[in-house]
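**Student:** Right, I'll just put the structure down here and ask away after.
Residue numbers (the numbering used here): 22 to 153.
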């Protein structure tokens, strides 16, 4: 009788353990898909920002880009107003939100250093450049 009682507790525990293991394996493709989505969006944002040109420093801007697991951005993206800045800013906001959720969901970690914010952005050779 005692063996039967132990069996009642062991079988569900083994099932939960097996389910947990299978769930981890099943999450790997989800992780990769989410990472690919983030990578594609980041590349789209960087391409858009890189396509911007300037004639004067007053056209230059910067925006916090990325979301570190510890909080705050990974860095700052420099661009000019020659592009659709509303589109760029919306995409950066979307990316930052998605990356923060991704970091939280997957328990990622990073250093907690704070990147230097540009003190100014200038137009140099028709490209906006950050000054630190």
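The beta-carbon is built from N, C-alpha and C at its ideal position, and this holds for glycine as well.
(1) With a Cβ-Cβ cutoff of 8 Å, do residue 110 and residue 84 count as a contact?
(2) Please list the segments of the beta strand (DSSP E) lying wholly inside the stretch 115–141, counting only runs of 3 or more residues, in order along the chain.
(3) My output table needs one value for residue 100: the three-state DSSP class, helix, strand or coil.
(4) For the ligand NAD, I want to know if residue 107 counts as a neighbour, meaning its beta carbon is within less than 7 Å of at least one of the ligand's heavy atoms.
(5) Would you mind sorting residue 99 into buried or exposed? The rule is 16 or more other CB atoms within 10 Å of its CB.
(6) Count the other C-beta atoms from every protein chain shown that fall within 10 angstroms of the C-beta of residue 128, then say buried if there are 16 or more, exposed otherwise.
(7) Can you give me the C-alpha to C-alpha distance between residue 43 and residue 51, rounded to a whole angstrom?
(8) Is the beta carbon of residue 139 sitting closer than 8 Å to the one on residue 95?
(9) Taking residue 81 as part of the beta strand (DSSP E), name the residues at either end of that continuous run.
(10) Whole angstroms is fine: what's the gap from residue 124's alpha carbon to residue 90's?
(11) Using three-state DSSP, classify residue 113 as helix, strand or coil.
(12) Exposed or buried, residue 152, counting other C-beta atoms within 10 Å across all chains shown (16 or more means buried)?
(13) Buried or exposed: where does residue 149 fall if 16 or more other Cβ atoms within 10 Å of its Cβ makes it buried?
**Tutor:** The relevant details are as follows:
(1) yes
(2) none
(3) strand
(4) Here there are no bound small molecules, and the ligand NAD is not part of this structure.
(5) buried
(6) With fewer than 16 Cβ atoms within 10 Å of its Cβ, residue 128 is classed as exposed.
(7) Residue placement at residue 43 cannot be trusted, given a pLDDT of 38 that sits under 50; what the coordinates show is reported in the next sentence. Computed Cα separation, rounded: 13 Å.
(8) no
(9) 81–86
(10) 6 Å
(11) In the three-state reduction of the DSSP assignment, residue 113 falls in the helix class.
(12) exposed
(13) buried
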